[in-house]
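> Numbering-wise, my numbering puts 147 at position 89 of the sequence shown, and it's gapless, one number per residue. Here a beta-carbon is modelled for each residue, glycine too, at the ideal position from N, C-alpha and C.
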Amino acid sequence: MLIVTDATIANRGVLETRSLPKKFLGRVQLLPRRGGVGLWLRLIVEIQILRYLSALLPFVAIPLMSRDLALPVTQAPLAMLIVIAFVEMKVLRLSKAGRQRAVSEDEAARRLDTLAFRARACLRRIAARHGIAEGELRLVIEQSELARIPPLTLVSVQMEHPAPRLLALDAADRAVLREGLFDAELTERALLAVNHRADLYIRDIAQEARAVSAHARLAAALEKRAAAE
Numbered sequence: 059m060l061i062v063t064d065a066t067i068a069n070r071g072v073l074e075t076r077s078l079p080k081k082f083l084g085r086v087q088l089l090p091r092r093g094g095v096g097l098w099l100r101l102i103v104e105i106q107i108l109r110y111l112s113a114l115l116p117f118v119a120i121p122l123m124s125r126d127l128a129l130p131v132t133q134a135p136l137a138m139l140i141v142i143a144f145v146e147m148k149v150l151r152l153s154k155a156g157r158q159r160a161v162s163e164d165e166a167a168r169r170l171d172t173l174a175f176r177a178r179a180c181l182r183r184i185a186a187r188h189g190i191a192e193g194e195l196r197l198v199i200e201q202s203e204l205a206r207i208p209p210l211t212l213v214s215v216q217m218e219h220p221a222p223r224l225l226a227l228d229a230a231d232r233a234v235l236r237e238g239l240f241d242a243e244l245t246e247r248a249l250l251a252v253n254h255r256a257d258l259y260i261r262d263i264a265q266e267a268r269a270v271s272a273h274a275r276l277a278a279a280l281e282k283r284a285a286a287e
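1. Just to check my reading of the structure: Ala294 and Arg176 have Cβ atoms closer than 8 Å, yes? What is that Cβ distance to the nearest angstrom?
2. Helix, strand or coil, according to DSSP, for Glu218 in the structure here?
3. With distances taken from CA atoms, which of Ala226, Arg255, Leu181 and Phe240 is nearest Ile263?
4. Can you name, in chain order, every residue of its own chain whose Cβ lies under 7 Å from the Cβ of Val234, other than the five neighbours on each side?
5. Quick one: residues in its chain with C-beta nearer than 6 Å to the C-beta of Arg247, no 5 flanking neighbours on either side, listed in chain order?
6. Restricting to runs no shorter than 4 residues, where is the alpha helix (DSSP H) found entirely within the segment 108–182?
7. Tell me which same chain residues have a C-beta within less than 8 Å of the C-beta of Ala256, skipping the five on either side of it?
8. Can you tell me where the alpha helix (DSSP H) holding Ile102 begins and where it ends?
9. So Asp241 is in the alpha helix (DSSP H); what residue range does that whole segment cover?
10. For Ala229, is the classification buried or exposed, using 16 other Cβ atoms within 10 angstroms of its Cβ as the cut-off for buried?
11. Nearest CA to the CA of Arg261: which residue from Pro220, Thr172 and Ala205?
12. Expressed to the nearest angstrom, what Euclidean distance is found between the alpha-carbon atoms of Leu111 and Leu139?
13. Of the choices Val270, Leu204, Arg157 and Tyr259, whose alpha-carbon is the least far from that of Glu104?
14. According to the Cβ coordinates, are Gln265 and Leu195 closer than 7 Å?
15. Rounding to the nearest angstrom, what Cα-Cα distance links Leu280 and Ala272 in this structure?
16. Which residues in the same chain have their Cβ closer than 6 Å to the Cβ of Ala113, if we skip the five residues on either side of it in sequence?
If you want it as structure tokens, here you go:
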């Protein structure tokens with residue numbers, strides 16, 4: 059899971075938006091400030107042109123190994139298109155039947171209910187920590203549609219008041235999301251199975267700031283005071 063905010067992304071310009079929900083995958087390339095090799099490789103896999111070039115590597119290697127095959131291979135654009143389509147549609151994605159088999163309808167509904175409950179709890183804590191009393195906070199969870207490889211999940215908190223923007227999240231806010239969204243019961247892969255079934259890869263869960271209790275705001279204030287001491 060990559061929490062998208064100004065503290066975690068090096069190219070902050072891609073976070074600007076005029077409308078919500080702000081989407082990233084397939085539109086902009088995120089450059090995380092931190093993260094291991096695994097995260098970088100997973101983000102690179104999302105670059106479509108690189109996937110196409112990787113699928114065409116055999117068409118580059120074969121002429122180098124055999125001069126006799128060089129001309130037939132280089133004059134086979136249809137075969138290249140077939141290879142790209144096979145990798146994209148059969149290797150990296152699930153068929154419609156496969157997406158339906160990934161999870162039952164009832165289980166998918168249960169997972170979405172769990173996600174919504176956890177997301178709103180996280181949003182209430184973040185609203186209380188930031189002293190936000192007006193407007194609507196939206197937890198946007200975007201996942202890559204690619205299957206059979208580790209899931210890529212982008213999480214951001216977005217607001218429309220007073221203008222569309224991504225909320226700046228500090229380390230404590232990010233900890234709230236990491237600890238509160240996914241666990242052994244609801245994993246990123248489990249959510250991805252639900253998204254595959256629905257063929258919908260972005261979840262937008264809202265929470266009114268006015269609904270945050272005074273108790274939650276007091277607890278957040280005491281927590282911040284304790285952290286400052």
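Straight from the coordinates:
1. In the structure as shown, the chain begins at 59 and stops at 287. Residue 294 is therefore absent and cannot be evaluated.
2. In this structure, Glu218 counts as coil in the three-state DSSP scheme.
3. Leu181
4. Cys180, Arg183 and Ile184
5. Pro209
6. 115–123, 125–132, 135–144 and 154–159
7. Ala166
8. Val95 to Val103
9. For Asp241, there is no enclosing alpha helix (DSSP H), as DSSP marks it with neither H nor E.
10. exposed
11. The shortest C-alpha to C-alpha distance from Arg261 to any of Pro220, Thr172 and Ala205 is the one to Thr172.
12. 11 Å
13. Leu204
14. Taking 7 Å as the Cβ cut-off, Gln265 and Leu195 qualify as a contacting pair.
15. Straight-line Cα distance between these residues: approximately 12 Å.
16. Cβ neighbours of Ala113 within its own chain (closer than 6 Å, five residues either side excluded): Val141, Ile142 and Val145.
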